[in-house]
Each structure stands twice: as structure tokens, then as C-alpha cells.
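Numbering (the UniProt record's numbering), first residue to last: 1 to 338. Note that the Cβ used here is the ideal one computed from N, Cα and C, for glycine as well. Predicted model only: the values in this text are computed from it and were never measured. To start, the structure itself, in C-alpha cells.
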């Protein structure tokens, strides 16, 4: 295979056509698979062999000019950070879209919303936009539709009235975590509520945890905590001075779960014998620590593939589903910590 030298002119579709012995239009048919056009398997194989030999990659700007859209699904970052959960979701969404020969483009502006944001997004000529529900306000959907965006898909904590939405219920995360601990026999529970950039997640998860405890008639204390090791250590030392400390803690997320386990060990307590610990987000390190961390999973793989399928369905001009709503239900992944 010939490899172009650095700085060499990139191969064109004409080069592919010449090497394969076909017309440029045939190359286009093979690479773009337009409906109603058939190309023989032998011709298709010759074209793809030439593509691989030359290292040809279609020009995204040229394709955008021809079709009015790119093959890009635009994903504006949310107004508030979501930590590693969002990173995992983006990874899974990217992988799922790649299977449909679509590319995910991250738009880093977190400040704009409504029609102003939509005009910025539309200027990039995306094929689809997947944005947080609270950014698709003030005429944003109309701006995107007029710009020719083929699919608009929302995600967030609330359903968007005009476009299909993936609902992420953080209250349910807190609920299933506490319900799991109650089912394990615990009656004195604590819930860490982190401060800082992810405070809104902590508040929502606390609300769900509180509701589950009230339904079961068990004690659940709220523990506000900063993202500082000394704060967590001080909490554990306070529990050691109590005659009836909690027997289990929902740490709010996996990062704080690791911090609480470390503090418990430093104070001479065993996990889960002296205190059970449950995290949330089911990050990869949950299987790499000891005891392995029980955590609430938000199904990022299911979320990514489900959103990808919905977007491609919309691109093809079909309705996503009656009601246009995809609710992501968390589940507890049980390991040794609780």
C-alpha cells in the first residue's frame, strides 16, 4: 500500500476513480449509498480497495455543501458539569453513533441557551443536535428546524414539550441506593450530600434517598460534605464517638464512596462489617478497589445506544416513539462494600 508523504496533497475521489477504473459518480455511489442506486459487488470491491490503497477520506466540508448537512451529531456540554458520569455517557454515545457512520462533535460553550445558542449550533451545519432540555428554550427548536437540522433530541431531568427526551432521574438513583441498604437490614443510615460543582446532583439524590427512608420508616441522616479528605475523616471520627452511629452510608457518588472507605479504614473500621458503603455512577474503578464498591449504575451503555438509535430514527424521518420519552432507570450493581 502506498502511503502519502507528510505534506503531500491528499487523494481525491478522482484519484480513487482512476485507480478503480470507474467514474467519479460510481465512487460517490459506493461511499454514500444513495437510495435507489445499485452498484455490483465486484465494482464496490474495486472502489473500496482503491480507497484503502490511497488512504482516501471524503471531504466533510464538501459533503456538507452538497447535502446541506454534515454527518455530525452536535452535543453541547450541559450548563452544569456532571463529572465522570457524563464522560462515560459521551464515550458510549460516540461508539454507538460510529456504528451508524455518524460523528459526535462536542460544543464547549456552556453559557448560552435558547435561540442564541441554537444559531451557534446551526452555523456548524450538524445533521442532528442532542442538547440538554433547559437549553432548548426560547425558540431554539424552531431555529434548528429552519436551519435544516434533521433531528433534535433532548436530555435532562425534565421532558421537553416539543422534542423526544431522554430523562435522567437522579432522585431514583438515591431511592434505589437506600432501598438496597434497607433490604440488607440496615435501619440507621447516612447520606453524603457533596458541595461544589456537582451539588445539584447531590441534592436530587438526597431527595430520592430521603423519600425511600421515609417510606420504610427508617432513620436517614443528611451529611453535608466538601470535596476534602479531612471533611470526610472528621465525619467518621464523629460517628466513632456516637453510641448508635449509622451502619450504612450512601455516599452520593463513587468518588465520595472511596473517600469514606479510606476514612473508615484509617479509623479502624471494617467495610462492610462495621459500615456498609454504596456509591453511585458505577465508574470503572468500582471493580479495582477492595472491597469492590457496590454502586448505582445509570446504564451509560444503554443510554448511549438508545439515544443513538433514537437520533438515527429521527434522521430517517420517522417518529421516535409515541410520547417521545426515554426514561433511564438506575440499578444497583452489588459488590462487596455493601
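Separation of residue j from residue i, as counted between CA atoms
i           : j           : result
residue 91  : residue 78  : 16 Å
residue 271 : residue 251 : 13 Å
residue 151 : residue 130 : 8 Å
residue 45  : residue 30  : 9 Å
residue 106 : residue 86  : 12 Å
residue 240 : residue 279 : 21 Å
residue 173 : residue 295 : 10 Å
residue 32  : residue 192 : 52 Å
residue 197 : residue 226 : 11 Å
Nearest residue (CA-CA) to residue i, options the options
i           : options            : result
residue 55  : 95, 74, 11         : 11
residue 200 : 170, 181, 228      : 170
residue 309 : 75, 96, 52, 9      : 96
residue 88  : 298, 244, 160, 122 : 298
residue 134 : 166, 103, 149, 191 : 166
residue 74  : 220, 40, 103, 228  : 103
residue 302 : 327, 142, 47, 21   : 327
residue 213 : 185, 314, 237, 226 : 185
residue 161 : 178, 142, 147, 176 : 142
residue 245 : 256, 262, 223, 231 : 223
Exposure of residue i, with buried meaning 16 or more beta-carbon neighbours within 10 Å
i           : result
residue 16  : buried
residue 267 : exposed
residue 329 : exposed
residue 335 : buried
residue 37  : exposed
residue 98  : exposed
residue 202 : buried
residue 339 : Residue 339 lies beyond the range of the chain shown here (1 to 338); nothing can be said about it.
Element boundaries [alpha helix (DSSP H), containing residue i]
i           : result
residue 224 : Segment 219-225 is the beta strand (DSSP E) holding residue 224; no alpha helix (DSSP H) there.
residue 173 : 170-183
residue 49  : 41-54
residue 144 : 140-146
Nearest-angstrom beta carbon gap, residue j and residue i [assumed within contact, 8 Å]
i           : j           : result
residue 71  : residue 136 : With a Cβ gap of about 22 Å, residue 71 and residue 136 do not count as contacting.
residue 180 : residue 332 : 5 Å
residue 114 : residue 139 : 7 Å
residue 93  : residue 307 : 6 Å
Span of the beta strand (DSSP E) around residue i
i           : result
residue 190 : 188-194
residue 294 : 294-297
residue 159 : Where residue 159 is concerned, there is no enclosing beta strand (DSSP E), given that its DSSP letter is neither H nor E.
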